[in-house]
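Written out below as structure tokens is the structure these notes cover.
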Amino acid sequence: MSEANGRSVYMKSRKFYGVLFSFVLVAMLALAGTGGASGIGGVVKTACTKCHSSKRICLNVGAKNLDMWKATVKTMVRKGAQLPADKINAAASYLTNLKPGAGEICQ
Ligand code: HEC
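Using our numbering, the first residue of the sequence shown is number 8, and each one after it goes up by one.
In structure tokens form, the structure reads like this:
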């Protein structure tokens with residue numbers, strides 16, 4: 008095999024990794040937009056401000072621990088909050104980690 012041939016294989020694989028890299032980057036950006044901490048904030052805001060204002064929630068930010076928030080979120084889902092069952096834990100830990108007066112909900 009000539010040297011030129013080896014080089015073109017090298018160039019091709021570089022191009023392949025370039026394409027792969029941009030694909031991974033796009034996938035990560037898409038995930039960050041839907042599944043990250045900011046994503047759950049939007050879900051909670053939508054689901055939890057249907058019946059009462061976010062003030063009711065923000066009054067409790069910093070006062071409830073994870074277990075208490077889990078219990079609250081489950082109670083609210085029983086009352087009719089439109090939150091998928093597999094989002095309950097994520098919502099509870101989002102609420103637990105909110106700083107008073109901060110986050111999408113309490114601005
Ligand atoms: C179907 C209507 C409804 C939805 C949707 C709803 N709530 Fe409530 N929420 C209530 C009612 C009614 C009360 C007052 C009754 C009570 O205190 O048990 C309340 C009270 C609260 C309280 C204050 C009482 C406590 O237990 O600390 C918090 C905090 C709260 N809700 C958080 C949430 C969160 C978080 C969500 C989203 C997962 C949510 N709510 C969605 C109806 C709803």
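Glycine included, C-beta positions come from ideal geometry on N, C-alpha and C.
Being a predicted model, the structure only gives us computed values, none of them experimental.
- Each of E111, A88, D74 and W76 was checked against the Cα of H59, and the nearest Cα belongs to A88.
- For C113, the distance from the CB to the nearest heavy atom of ligand 1 is not below 7 Å.
- Look at V50: its beta carbon is at least 7 Å from all of the heavy atoms in ligand 1.
- Annotated as distal: V80 and L105, with beta-carbon spacing of 8 Å or more.
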